[in-house]
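To start, the structure itself, in structure tokens.
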Amino acid sequence: MFEAHVYRQRRRRLRKLLKTGLIVLPGNGELPMNYAANAYPFRQDSTFLYFFGLDTPGLNAILDADEGRDVVYGDDIGLEDIIWMGHLPRLKERARAAGVTETAPAARYEDAVKRALSRGRKVHFLPPYHPEVRDSLSRLLGLPPEELKAGASEDLIKAVVGLRIIKSPAEVREIEAALGVTARMYREAMKTTRPGVPESEVAGRLAGLAIGGGRGTAFPTILTVNGQILHNHDHSHVMRRGRMVVIDSGAESKSHYAADITRTLPVSGTFTTRQREIYEIVLDAQKTAIASMKPGVLYRDVHLKASRVIASGLKEMGLMKGDVDEAVAAGAHALFFPHGLGHQLGLDVHDMENLGENFVGYDDQVKRSTQFGLAYLRFARELRPGHILTVEPGIYFIPALAAKWKKEKQHPSFINFLKVRNYLDFGGIRIEDDVLITASGRRVLGPPIPKTVRDVEKTMAR
Ligand code: GLY
Ligand code: MN
40 MFEAHVYRQR RRRLRKLLKT GLIVLPGNGE LPMNYAANAY PFRQDSTFLY FFGLDTPGLN
100 AILDADEGRD VVYGDDIGLE DIIWMGHLPR LKERARAAGV TETAPAARYE DAVKRALSRG
160 RKVHFLPPYH PEVRDSLSRL LGLPPEELKA GASEDLIKAV VGLRIIKSPA EVREIEAALG
220 VTARMYREAM KTTRPGVPES EVAGRLAGLA IGGGRGTAFP TILTVNGQIL HNHDHSHVMR
280 RGRMVVIDSG AESKSHYAAD ITRTLPVSGT FTTRQREIYE IVLDAQKTAI ASMKPGVLYR
340 DVHLKASRVI ASGLKEMGLM KGDVDEAVAA GAHALFFPHG LGHQLGLDVH DMENLGENFV
400 GYDDQVKRST QFGLAYLRFA RELRPGHILT VEPGIYFIPA LAAKWKKEKQ HPSFINFLKV
460 RNYLDFGGIR IEDDVLITAS GRRVLGPPIP KTVRDVEKTM AR
């Protein structure tokens with residue numbers, strides 16, 4: 040948790056931005072896994088954490104923009120909870136740490152919202168994703184759950200995004216703390232990845248380090264010899280010589296800030312010539328992208344720059360052909376690089392995705408493309424100091440996609456399908472770092488994690 044004045048200032052800014060009405064900020068409850076008392080590990084809502092830092096279930100909050108009041112609703116625990124769960128300071132005391140002086144019993148939260156509605160006051164709420172919050176808002180507002188997203192307050196979404204998207208130095212330190220743990224996870228991965236070792240063993244070691252150093256992993260780890268499957272959470276393979284393993288993982292800091300790193304390792308400890316050729320293109324795309332990041336630049340243009348490096352490298356290898364700029368403009372490179380270059384990072388690994396990706400990553404100046412590949416870019420807007428973005432280009436050989444494009448004769452003037460056929464057993468390569476936009480440029484956050492061919496091979500040889 041940060042100091043109380045940080046939360047007070049954030050809430051004051053939010054009330055000022057909204058000018059009028061009630062701002063309802065529900066906290067998360069516990070979520071049953073297989074029966075009510077066996078819950079998933081509790082994760083507080085990130086917007087609630089941003090404005091209050093209070094990290095227990097059963098809390099809701101209301102900010103009154105007209106009266107300048109902030110109230111946290113929740114119940115103090117009883118003897119039974121103390122017996123089973125241990126002591127928890129009184130809500131009044133905990134709220135004080137967040138700079139809140141007004142607290143009230145949990146039941147009064149619904150009364151407060153209903154009273155405001157009956158008086159015709161504006162009630163601002165965010166699009167809910169947690170089932171309990173969705174049920175409660177649906178009941179309170181008299182709206183069917185499926186209409187809550189459309190009924191959410193655009194003013195509140197925009198205000199929250201505007202505040203959360205600019206990271207303070209203290210938030211940057213949290214992300215760097217998460218990256219410190221993550222760097223240890225990758226050293227361990229480079230030490231333990233060997234032919235004959237199950238993916239699950241390395242994934243388990245990463246999880247252990249993430250739990251030991253912070254709050255566990257910030258998202259389900261991707262660790263797979265089938266890196267061509269972009270969000271592959273299967274860890275059931277034994278790693279074999281000749282394959283590569285894509286590892287996309289990151290720790291969550293004590294205050295719940297995420298790290299998000301990807302490295303691709305040769306299982307044998309040494310890249311083959313074919314692997315190295317593709318690896319160098321991805322690394323070049325990543326480094327070129329990072330070098331071009333600074334305030335005022337559109338992240339869409341950084342994505343396109345990385346795409347051109349990829350198309351140009353693949354053309355040199357004979358996998359693509361024709362004019363590189365034209366190929367990228369047509370979206371032909373997306374056969375190999377079908378996702379966006381990166382996303383905002385913060386309390387959420389895809390920061391604020393639940394508020395609506397277009398509110399975070401797009402604006403009046405930049406609209407989302409409908410072109411395959413570019414359409415998946417989560418953030419395209421102008422970069423500003425305080426933004427933190429992942430930069431994660433990749434090259435993948437996805438047999439189903441290649442077969443479809445070949446059959447449909449997509450981009451035959453830019454793609455050499457005959458040569459692509461020789462790579463269908465290749466897998467994929469992705470390299471990802473987390474980058475802060477500064478006043479004059481950018482800074483790659485966290486301790487360096489080996490990523491050149493030489494450094495990866497050297498680290499794996501130790
Ligand atoms: N770390 C997974 C992703 O960015 O989608
Ligand atoms: Mn990522």
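Quick note on numbering: the sequence shown equals residues 40 to 501 in my numbering. C-beta: ideal position from N, C-alpha, C; glycine also.
- The beta carbon of Phe456 sits closer than 6 Å to the beta carbons of Lys445 from its chain, once the five residues preceding and following it are set aside; these are given in chain order.
- Distance from the Cα of Gly352 is smallest, within the candidate group Ala369, Ala368, Gln325 and Ile317, for Ile317.
- With 5 Å as the limit between CB and the heavy atoms of ligand 1, the residues that fall short of it are Asp287 and Asp299.
- Leu64 sits in a strand when the DSSP states are folded into three classes.
- In the structure shown, the three-state DSSP call for Glu396 is helix.
- Just measuring C-alpha positions, the residue of Ala330, Leu394 and Pro424 sitting nearest Leu64 is Leu394.
- Residue pairing by DSSP puts His163 in a beta bridge opposite Ile62.
- The C-beta separation of Ala350 from Pro424 comes to about 31 Å, leaving the pair out of contact by the 8 Å criterion.
- Lys326 counts as buried, since no fewer than 16 other beta carbons sit within 10 angstroms of its beta carbon.
- Counting along the chain, Pro208 sits inside the alpha helix (DSSP H) bounded by residues Pro208 to Thr231.
- By the Cβ test, the stretch 406-422 is in contact with the stretch 337-344, since at least three Cβ pairs between them sit closer than 8 Å.
- By alpha-carbon distance to Ile204, the top candidate from Val111, His44 and Met391 is Met391.
- Ser346: member of the alpha helix (DSSP H) spanning Tyr338 to Glu355, first to last residue.
- Sequence-distant Cβ neighbours of Phe411 in its own chain, meaning closer than 8 Å and more than five residues away, are Gly370, Ala373 and Pro377.
- Not one heavy atom of ligand 2 falls within 7 Å of the beta-carbon of His378.
- With respect to the 8 Å criterion, Gly485 and Asp473 are classified as neighbours on the basis of their beta carbons.
- According to the DSSP assignment, Tyr148 belongs to the alpha helix (DSSP H) that extends over Ala146 to Ser157.
- With at least 16 other beta carbons inside 10 angstroms of its own, Val306 counts as buried.
- Between the alpha carbons of Leu245 and Val399 lies a distance of about 30 Å.
- Counting along the chain, no alpha helix (DSSP H) covers Leu127, and no H or E run does either.
- Inter-residue distance for Leu53 and Ala198 is about 7 Å (C-alpha atoms, whole angstroms).
- A straight-line Cα-Cα distance of about 34 Å links Leu98 and Ala222.
- Beyond the five residues adjoining it in sequence on each side, Tyr46 comes within less than 7 Å, by CB distance, of Phe90, Phe91, Gly92, Ala137 and Gly138 in the same chain, given in chain order.
- Here Gly266 is buried, its C-beta having at least 16 other C-beta atoms within 10 Å.
- The beta carbon of Val211 sits closer than 8 Å to those of Ile427, Leu475 and Leu484, all from its chain and outside the five residues before and after it, given in chain order.
- Within the chosen limit of 7 Å, ligand 2 does not reach the beta carbon of Glu396 with any heavy atom.
- The count of Cβ pairs closer than 8 Å, one atom from the stretch 105-113 and one from the stretch 143-154, reaches three, so the stretches are in contact.
- For Tyr46, there is no enclosing beta strand (DSSP E); the residue is found in the alpha helix (DSSP H) stretching over Ala43 to Leu57.
- Closest option to Val492, judged by alpha-carbon separation, among Glu365, Met356 and Gln314: Gln314.
- Here the distance from the Cβ of His342 to the nearest heavy atom of ligand 2 is not below 7 Å.
- Distance between Ile470 and Glu119, taken at the CA atoms: about 49 Å.
- One thing to note: Pro96 has its Cβ within 8 Å of the Cβ of Glu69.
- Beta-bridge annotation (DSSP): Leu304 is paired with Val284.
- If you check the C-beta of Thr221 against ligand 2, you find no heavy atom less than 7 Å away.
- With respect to the 8 Å criterion, His270 and Leu262 are not classified as neighbours on the basis of their beta carbons.
- At least one heavy atom of ligand 2 is found less than 7 Å from the C-beta of Thr429.
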